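**Q** Here it is: the structure, laid out below.
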Amino acid sequence: MWHSLFNDFLGLIYPNVCLACREPMVRGEKHLCTRCRAELPYTDFHLLPPEENPLGRRFWGKLPLQHALSYVRFLRHGRIQQLLHQLKYKGQREVGTVLGQLYGAELQAAGLNTEFDLIVPVPLHPRKLSKRGYNQAAVFAEGLSKGLQLPWSALALRRTRFTSTQTRKNRTQRWENVATVFEVGLPEAIAGQRVLLVDDVLTTGATLEACGAVLLAGGAASISIATIACADR
Ligand SMILES: [Zn+2]
């Protein structure tokens, strides 16, 4: 009784708003309002046969993928952009964990928890990490890990630190430099594992492609990808 009165009182001072539409929520709603939960543009790619998955097709001839998954479609000027904005620029890390947990539970219900051994987020540049305080891909990985009940590792993959500048290199050397932005951080954690590589948003897919190639070269048994949102091409 007192507890709920106290919560109602707190609600007057700090209205409990939906992370997606910013509208006040009613009691019992948490993080996302009922309407947003019902109306988010879910892809349901995990329910499609691999050859009919449009996201998987985008990686044909570039990176062999077991599963290509994205929770929702990226749409500008709406709930999805709001969610990603809260996650990336407003310090709302729970957006990543909540969406990861919801999506992970859905993937588990579809039996996909038996398809992966380890969840690995795309690493963030150290400078951005210290500015934001967290890696948005890692909080999504953490949520997926809870929902799928599978381990995740933020150390399995890392960004390399450059010591030389780009300016004095020729074209080929510069390309090699870009291609070696990522490296395996924990070789023993990757070897023989079916990795679910995750990021917040997929646009061109170049980052996931580079990370996936590094993980395969590092001995991963297979690569699957999962993002919060993917942009249509
Ligand atoms: Zn809402």
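With UniProt numbering, letter number 122 in the sequence shown gets 122, and the count goes up by one each step, no holes.
Where is the CB? At the ideal position from N, CA and C, for every residue including glycine.
Here the structure is a predicted model, which is why all the values come from computation and not from measurement.
Does the count of Cβ pairs from the segment 70 to 77 and the segment 111 to 128 closer than 8 Å reach three?
**A** No, because fewer than three Cβ pairs between the segment 70 to 77 and the segment 111 to 128 fall closer than 8 Å, the two stretches do not touch.
**Q** Determine the DSSP secondary structure at cysteine 33, reduced to helix, strand or coil.
**A** The count along the sequence shown starts at 1 and reaches residue 33 at position 33. Three-state result, cysteine 33: coil.
**Q** For asparagine 53, which residues of its own chain have a beta-carbon under 6 Å away from its beta-carbon, when the five flanking residues on both sides are left out?
**A** Translated into positions along the sequence shown, residue 53 becomes position 53. Around asparagine 53: Phe45, Ala68.
**Q** May I ask you to verify whether the segment 81 to 101 touches the segment 16 to 34, counting CB pairs closer than 8 Å and requiring at least 3?
**A** The segment 81 to 101 is in contact with the segment 16 to 34.
**Q** Give a single yes or no on whether glutamate 23 has its beta carbon closer than 8 Å to a heavy atom of ligand 1.
**A** Looking up residue 23 in the sequence shown gives position 23. For ligand 1, at least one heavy atom lies less than 8 Å from the Cβ of glutamate 23.
**Q** Can we say the segment 189 to 196 touches the segment 211 to 221, given the rule of at least three CB pairs closer than 8 Å?
**A** Contact between the segment 189 to 196 and the segment 211 to 221 is present, because at least three Cβ pairs lie under 8 Å.
**Q** So is the beta-carbon of arginine 27 under 8 Å away from any non-hydrogen atom of ligand 1?
**A** In the sequence shown, residue 27 corresponds to position 27, counting from 1. Because no heavy atom of ligand 1 lies under 8 Å away, the Cβ of arginine 27 does not count as near it: no.
**Q** DSSP puts glutamate 183 in a beta bridge; with which residues?
**A** Within the sequence shown, numbered from 1, the residue matching residue 183 stands at position 183. Paired residues: Arg158.
**Q** By the DSSP assignment, the beta strand (DSSP E) with valine 139 in it spans what residues?
**A** Working through the sequence shown from its first residue, we reach residue 139 at position 139. Here valine 139 belongs to no beta strand (DSSP E); instead the alpha helix (DSSP H) covers 136 to 148.
**Q** Does the beta-carbon of leucine 75, which I'm using as the reference point, lie nearer than 8 Å to any heavy atom of ligand 1?
**A** Position 75 of the sequence shown, counted from the first residue, corresponds to residue 75. No, since every heavy atom of ligand 1 falls outside the 8 Å radius drawn around the Cβ of leucine 75.
**Q** Determine the burial state of glycine 205: buried for a count of at least 16 other Cβ atoms within 10 Å of its Cβ, exposed for fewer.
**A** Within the sequence shown, residue 205 is the residue found at index 205, counting from 1. Answer is buried; the Cβ neighbour count reaches 16.
**Q** Can you confirm whether the segment 179 to 190 touches the segment 56 to 71 when touching is taken to mean that 3 or more C-beta pairs between the two stretches lie within less than 8 Å?
**A** No, the segment 56 to 71 does not touch the segment 179 to 190.
**Q** Have a look at leucine 148 and glycine 104 and give me their C-alpha separation to the nearest angstrom.
**A** By 1-based counting over the sequence shown, the position of residue 148 is 148. By 1-based counting over the sequence shown, the position of residue 104 is 104. Taking the straight line joining both Cα atoms gives about 5 Å.
**Q** Going straight from the alpha carbon of threonine 207 to that of threonine 43, what length do you get?
**A** Along the sequence shown, one-based indexing puts residue 207 at 207. Along the sequence shown, one-based indexing puts residue 43 at 43. Looking at the two C-alpha atoms, the distance is approximately 21 Å.
**Q** To the nearest angstrom, how far is the alpha carbon of lysine 90 from that of serine 145?
**A** Position 90 of the sequence shown, counted from the first residue, corresponds to residue 90. Position 145 of the sequence shown, counted from the first residue, corresponds to residue 145. C-alpha separation (whole angstroms): 23 Å.
**Q** If you reduce the DSSP assignment to three classes, tell me which class cysteine 230 lands in.
**A** The sequence position of residue 230 within the sequence shown is 230, counting from 1. Cysteine 230 falls in the strand class under three-state DSSP.
**Q** How far does the beta strand (DSSP E) with tyrosine 71 in it reach, from first residue to last?
**A** Locating residue 71 in the sequence shown gives position 71, counting from the first residue. Taken as a continuous stretch (DSSP letters only), the beta strand (DSSP E) holding tyrosine 71 covers 68 to 73.
**Q** Straight-line CA distance for cysteine 21 to arginine 159?
**A** On the sequence shown, position 21 is the one that residue 21 refers to. On the sequence shown, position 159 is the one that residue 159 refers to. About 34 Å.
**Q** Can you say whether aspartate 232 is buried or exposed, counting buried as having 16 or more other CB atoms within 10 angstroms of its CB?
**A** Here the question's residue 232 lines up with position 232 in the sequence shown. Counting Cβ neighbours within 10 Å, aspartate 232 comes out exposed, since fewer than 16 surround it.
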